[in-house]
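Q:
Residue numbers (full-length UniProt numbering), protein chains in the order written: chain A, 1 to 353; chain D, 1 to 228.
This is the structure we're talking about:
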């Protein structure tokens with residue numbers, strides 16, 4: 001003997017207006033009144049309690065409850081009820097020291113990429129600074145050589161280009177395990193964020209100028225023996241980039257378009273580690289780089305909070321921003337596309353990072 | 001009289017059992033917390049069938065959202081651009097799947113704007129859940145799936161699944177008892193980019209010419225028995 005009873009939702013209906021007999025005022029009042037038409041229950045209210053007693057109440061879990069909605073007291077009372085001890089506070093924070101968290105003493109790319117005249121004041125200043133930094137770089141290279149005897153800047157430049165190419169091809173192929181050999185832990189999320197549901201076609205066509213080591217630095221982390229080395233390499237190359245969305249529609253770039261790209265890429269190595277490797281660490285974006293073009297997608301600008309405009313941008317714009325904001329190399333390439341679309345016609349220096 | 005007393009005693013015996021279920025019923029709320037943010041970090045693994053780690057029914061279905069991860073190959077220039085689609089669902093809504101079906105079927109084949117407009121006037125409890133799910137899906141489509149215009153979406157699929165069912169008891173006359181089912185349901189929706197088809201449920205109305213051709217075809221394909 002089984003009977004299925006649905007709880008809640010009583011059959012309530014609006015009483016239909018008796019149009020002809022009632023006046024307009026009455027009509028409105030009647031419309032608001034709720035009347036129960038179901039006649040399956042006894043009219044005497046005293047039986048309501050008894051009817052209720054027929055059901056054995058069980059407490060149903062609330063599946064739609066959110067973690068945020070439960071107050072602290074509520075959680076405490078529930079835990080008490082079930083005899084659960086509160087969690088032990090976990091004070092330790094794991095961290096990883098196989099790479100540093102940023103660039104130390106970052107290289108500042110000269111505006112116009114060193115095309116300023118040597119005679120002008122800014123040009124002279126740049127030259128001086130460059131010399132000053134160069135001495136520091138030399139010291140750093142000597143230090144690297146003390147750990148890695150075969151280190152040679154000329155050979156390293158070639159090696160750096162190989163690293164650069166393999167890191168980017170693996171990113172385009174979404175090889176999330178293989179890429180770890182070419183990319184430091186700091187760089188990994190920036191490269192791999194948001195590539196999951198996209199198809200990236202990237203090709204390295206040729207290098208216009210041979211890659212050049214422009215900067216080198218060493219630093220110690222925690223102890224004096226724990227040394228990290230960072231080398232900045234200037235790449236001036238030709239590349240092709242096309243990004244397709246999840247449905248195979250072109251989002252950015254083109255497969256038939258070649259772009260000139262100028263980049264300053266930082267490579268890092270844990271030199272005190274015997275098995276340390278040179279890995280791609282970061283890219284340098286100078287402050288003077290012109291702002292990127294907005295994405296060619298329709299979006300609505302919500303105007304109320306001024307700071308949050310960028311955040312409130314709709315849809316594709318947001319994804320695009322996210323994608324380019326966190327994936328540095330993409331940003332670089334994107335910037336390159338905007339800045340270097342017409343390198344011959346523009347009088348501006350053909351620098352894009 | 002004896003006849004009546006005996007089942008009542010039985011019921012009384014079952015009381016502690018039911019009380020136990022009450023306790024268990026609290027579990028998912030706590031386990032959910034452990035799963036989502038691990039903010040409170042409750043150790044609830046030993047809390048019976050309602051623990052989400054032990055009982056996959058507490059998560060709700062998972063396959064539907066996997067469709068969002070399909071990546072289609074890039075298209076050629078001359079191909080027609082593929083329409084974007086997005087799958088979304090809401091699991092374990094405290095509402096009967098049978099009743100939810102009416103709302104799901106009602107909304108199917110409508111454009112998103114039309115559906116949202118219509119759902120405001122559906123006086124059923126599940127309508128709010130359906131509306132919220134569609135709104136969430138619409139937002140996701142824009143933010144994550146490269147859909148440019150949020151109005152340019154229609155409800156290509158909309159259906160209901162059965163969720164957790166909790167069994168309860170009720171008394172009947174003459175010492176009998178009945179079973180009460182407290183049902184939950186899942187609601188699934190797939191939005192597709194573009195305008196909805198003109199005739200979603202009914203077949204497309206045919207012109208007299210088409211009807212005539214159909215008839216002719218039918219007549220010519222008859223089989224005449226004992227003929228050549």
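Beta carbons: idealized from backbone N, C-alpha and C, even for Gly.
Using a C-beta to C-beta distance shorter than 8 angstroms, which residues of chain A count as neighbours of residue 67/D?
A: Per Cβ cutoff of 8 angstroms: no residues; residue 67/D is ~11 angstroms from chain A at best.
Q: Give the residues from the region 245 to 277 of chain A that approach chain D closer than 9 angstroms (Cβ to any Cβ), ordered along the chain.
A: So the close ones are 245, 246, 247, 248, 249, 250, 251, 255.
Q: Let me make sure I understand the geometry here. Which of 203/A, 226/A, 145/A has the alpha-carbon closest to that of residue 243/A?
A: Ranking the options by Cα distance to residue 243/A, first place goes to 203/A.
Q: Could you list which residues in chain A have their beta carbon closer than 9 angstroms to that of residue 74/D, in chain order?
A: Those within 9 angstroms of residue 74/D in chain A are 199, 201, 242, 244, 248, 249, 250, 255.
Q: If you measure between the beta carbons of residue 161/D and residue 184/D, is that distance less than 7 angstroms?
A: Not a contact, by the Cβ cut-off of 7 angstroms.
Q: Against chain A, with Cβ distances strictly below 7 angstroms, would residue 204/D count as a contact?
A: Chain A, which has no Cβ nearer than 7 angstroms to the Cβ of residue 204/D, makes this no.
Q: Taking only beta-carbon positions, decide if residue 148/D is within less than 7 angstroms of chain A.
A: Cβ-Cβ to chain A under 7 angstroms: yes for residue 148/D.
Q: Assuming contact is defined by CB atoms lying nearer than 7 angstroms, are residue 147/D and residue 103/D in contact in what I supplied?
A: Not a contact, by the Cβ cut-off of 7 angstroms.
Q: State the beta-bridge partners of residue 166/D as determined by DSSP.
A: In the DSSP output, where bridge partners are listed per residue, residue 166/D has 182/D.
Q: Counting C-beta neighbours from all protein chains within 10 Å, is the total for residue 151/D 16 or more, i.e. buried, or is it exposed?
A: That one is exposed.
Q: List in chain order: all unbroken alpha helix (DSSP H) runs of 4+ residues lying wholly within the region 58 to 139 of chain D.
A: The qualifying runs are 63 to 66, 97 to 107, 112 to 119.
Q: Who are the neighbours of residue 55/A on chain D, taking C-beta pairs under 9 angstroms?
A: Within 9 angstroms Cβ-Cβ: 168, 169, 170, 171, 180.
Q: Quick one: what's got a C-beta closer than 6 angstroms to residue 168/A's C-beta in the same chain, skipping five residues either side?
A: 202, listed in sequence order.
Q: Using beta-carbon positions only, say whether residue 191/D and residue 105/D come within less than 7 angstroms of one another.
A: Contact: no.
Q: Flag residue 189/D as yes if its beta-carbon sits less than 7 angstroms from any beta-carbon of chain A, otherwise no.
A: Answer no: the Cβ-Cβ gap between residue 189/D and chain A never drops below 7 angstroms.
Q: Per DSSP, which one or two residues make a beta bridge with residue 234/A?
A: Bridge partners of residue 234/A: 212/A, 264/A.
Q: In terms of DSSP beta bridges, what is residue 282/A paired with?
A: Bridge partners of residue 282/A: 266/A.
Q: When you compare each of 232/A, 225/A, 39/A to residue 134/A by their alpha carbons, which one comes out closest?
A: Nearest of 232/A, 225/A, 39/A to residue 134/A, Cα basis: 232/A.
Q: Please report whether the beta-carbon of residue 174/D lies at a distance below 7 angstroms from any beta-carbon of chain A.
A: No - not a single Cβ of chain A is within 7 angstroms of the one on residue 174/D.
Q: From the DSSP output, which residues share a beta bridge with residue 207/A?
A: According to DSSP, which records beta bridges pairwise, residue 207/A is partnered with 237/A.
Q: Let me make sure I understand the geometry here. Which of 225/A, 68/A, 196/A, 70/A has the alpha-carbon closest to that of residue 144/D?
A: Checked all of 225/A, 68/A, 196/A, 70/A; the closest Cα to residue 144/D is 196/A.
Q: Need the endpoints of the alpha helix (DSSP H) that residue 242/D sits in, please.
A: With chain D running from 1 to 228 in the structure shown, residue 242/D is simply not present.
Q: So, is the C-beta of residue 92/D closer than 7 angstroms to a C-beta in chain A?
A: By this cut-off, residue 92/D is an interface position.
Q: Please report the distance separating the alpha-carbon of residue 323/A from that of residue 78/A.
A: Interpretation of residue 323/A is limited by its pLDDT of 41, a score under 50 that renders its predicted location unreliable; no figure is taken from the coordinates.
Q: From the DSSP secondary-structure annotation, give me the bridge partner or partners of residue 154/D.
A: DSSP output for residue 154/D lists 111/D, 192/D as bridge partner(s).
Q: Work out the CA separation of residue 80/D and residue 193/D for me, nearest whole Å.
A: Cα to Cα, the separation comes out at about 13 angstroms.
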